[in-house]
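Scroll down for the structure; my scribbles are underneath it.
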Amino acid sequence: AYSIEQRDSLDGVDWPRDVHFCLMNPPFVSWNGMSSLQKDGVRNALGELSKLRPDMASAFLVLANTTLAANGVVGSVLPASLLDGDSAERVRFFLEQSLDIELLARLGSQQIFADALVDPGLLVAVKRPESPGRGFAPTTMVWADHVPTSSEIALRVLRKADAERPIGPIETTPNFSVYVVKNFRDSLPNWAPRPYESITLIQALKPFPTVGSYSPVHQGAIHGLNAAFPCKAQDYTSPPKPEQWFF
C-alpha cells in the first residue's frame, strides 16, 4: 500500500518514521531567496544546526535523517554549497554521527537542470543501526568540471563500476574523477569531492606543517572601489625600472 500527500514539508509536522528509502530532489533555495515564512520553516527544522545563511535543502537533509529506519538509505540531489559551505558545516557534522556516506558527487555542469544557477551535488548515505559516534565506511567520490559532457561521462563510469569497488581510482581524467576513499575525512576538510590528483597531493603534503600552525590566518581586505586601485601612468613610471613590475 502507498499514499501520496501534497503538503509543505517544512510546515513543522513530523515526517513519517522508519522509512527504508528516502529519495529527494529538495528545493535549491538560498537564504536570500526565501520568504519570511520559509526562513522560519528552515530555522525550526535545523534548530541549533542553523548557522549563517543555510540553504533550504539542508533542512530537508536533516529531516530525512530523522525519517530513516536502521539501515535505511537516503539519496538526494543537493546544491554543491552544502558539500563545503560554512552555513552547512553543522549539518554535515550532525549527519556524520549517524550516517555512513556511501557516495558524494560534485557535478560542475549547470546544464544538468534547467534554470539551475549553482553546481549540483549528489549524496547517498545509509543510516547506521547504532550511533555511538562518527564512523566512516568507504565512500565513492565523483568530481566533474564545468564541461557539460564531463558529468555525463563520470556518471556513466559510476554506473558501470562494480558494486564492490576497491579503494583507489576507478577512472580519472583532467575533466572528471571517480574513485573510492577509505575515509574521506582523512583526505578532505568537508564533503566536496576533488580531482583524484588533488587528493593524492593533499595526502602527500599532510605530514608538513600548515601556515595556521604558526600563526592565525585572517581574510585580507575586501576591495569594493576598483577604480581606486589602478595607478596613473606617471605613478607607474616614477619608481625605478626593476620595481615597476610590482605595480
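254 is the number that this note's numbering gives the last residue of the sequence shown; the numbers go up by one with no jumps. Just so it is clear, CB atoms sit at the ideal spot from N, CA and C, and this is done for glycine as well.
DSSP puts residue i in a beta bridge; with which residues?
i: proline 176; result: Tyr186
i: glycine 227; result: Per DSSP, none; premise fails for glycine 227.
i: tryptophan 150; result: Arg113, Ser184
i: leucine 85; result: Gly128
i: leucine 106; result: Lys134
i: cysteine 29; result: Val81
i: leucine 75; result: Val26
Thinking C-alpha only, which one of the options is nearest residue i?
i: proline 181; options: Asp169, Ser220, Ser205; result: Ser205
i: leucine 75; options: Ser105, Gln241, Pro127; result: Ser105
i: proline 155; options: Pro34, Phe120, Ser65; result: Phe120
i: tryptophan 92; options: Gly227, Tyr9, Trp198; result: The sequence as given places glycine at residue 92; tryptophan does not occur at that position. For the residues Gly227, Tyr9, Trp198, the minimum Cα distance to glycine 92 belongs to Trp198.
i: glutamate 118; options: His153, Ser222, Asn78, Glu171; result: First, the amino acid is wrong: residue 118 is glutamine here, not glutamate. Here the closest residue by C-alpha is His153.
i: histidine 27; options: Gly79, Val20, Phe67; result: Gly79
i: leucine 53; options: Ala77, Gly19, Arg24, Gly40; result: Gly19
i: leucine 70; options: Ser222, Asn39, Asp25, Leu114; result: Asp25
i: isoleucine 108; options: Tyr221, Asp21, Thr147; result: Thr147
i: glutamate 159; options: Glu250, Leu114, Pro173; result: Leu114
If contacts are defined as beta-carbon pairs under 8 Å, then residue i and residue j qualify, I think. What distance do you get, rounded to the angstrom?
i: serine 94; j: lysine 46; result: About 13 Å separates the two Cβ atoms, so there is no contact after all.
i: valine 81; j: methionine 63; result: The pair is not a contact, with the Cβ atoms about 17 Å apart (cut-off 8 Å).
i: phenylalanine 183; j: leucine 111; result: Between leucine 111 and phenylalanine 183 the Cβ distance is about 14 Å, and since that is not below 8 Å, they are no contact.
i: valine 188; j: valine 164; result: So it is not a contact: roughly 16 Å between Cβ atoms.
i: valine 49; j: proline 61; result: 6 Å
i: alanine 151; j: alanine 144; result: With a Cβ gap of about 23 Å, alanine 151 and alanine 144 do not count as contacting.
i: valine 125; j: serine 88; result: 7 Å
i: proline 176; j: tyrosine 203; result: 5 Å
Distance check for residue j and residue i, CA to CA, integer angstroms please.
i: arginine 99; j: leucine 90; result: 8 Å
i: glutamate 103; j: serine 42; result: 30 Å
i: proline 237; j: histidine 225; result: 25 Å
i: serine 16; j: serine 116; result: 28 Å
i: glycine 128; j: serine 245; result: 51 Å
i: methionine 31; j: phenylalanine 254; result: 51 Å
i: glutamate 55; j: glutamine 241; result: 56 Å
i: serine 83; j: tyrosine 9; result: 21 Å
i: serine 220; j: proline 214; result: 12 Å
i: leucine 208; j: leucine 44; result: 45 Å
i: leucine 68; j: proline 223; result: 33 Å
Can you tell me whether residue i is buried or exposed, with buried defined as 16 or more other CB within 10 angstroms of its CB?
i: lysine 134; result: buried
i: alanine 243; result: The sequence given here places tyrosine at residue 243; alanine does not occur at that position. Per the 10 Å Cβ criterion, exposed.
i: tryptophan 252; result: exposed
i: proline 200; result: buried
i: arginine 97; result: buried
i: aspartate 169; result: exposed
i: proline 86; result: buried
i: leucine 195; result: buried
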